[in-house]
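Trainee: Can you read through this structure? Questions will come right after.
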Amino acid sequence: MNNLAAALVQSARAGGDRVAVRQDETVLTQREIVVVERTATRDAGGQEPVS
Numbered sequence: 000m001n002n003l004a005a006a007l008v009q010s011a012r013a014g015g016d017r018v019a020v021r022q023d024e025t026v027l028t029q030r031e032i033v034v035v036e037r038t039a040t041r042d043a044g045g046q047e048p049v050s
């Protein structure tokens, strides 16, 4: 998982509803964070989390 995705996932888990990344002005919702996490997990060759 790259640093940006990791930071987004960590921030979402901390309870933030929306996560703003000033670096590229991307705003992701909680649902989008889950997609990022699943994609990163899959790309790393791991099991996808079941929700």
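Start counting the sequence shown at 0; every next residue gets the next number (numbering that gives the first Met the number 0).
By construction, the Cβ of each residue, glycine as well, lies at the ideal position given by its N, Cα and C atoms.
1. Can V35 and A6 be called in contact, C-beta distance under 8 Å?
2. Quick one: grab the DSSP three-state call for A43.
3. Grouping DSSP H, G and I as helix and E and B as strand, with all else coil, what is N1?
Mentor: From the atom records:
1. no
2. coil
3. coil
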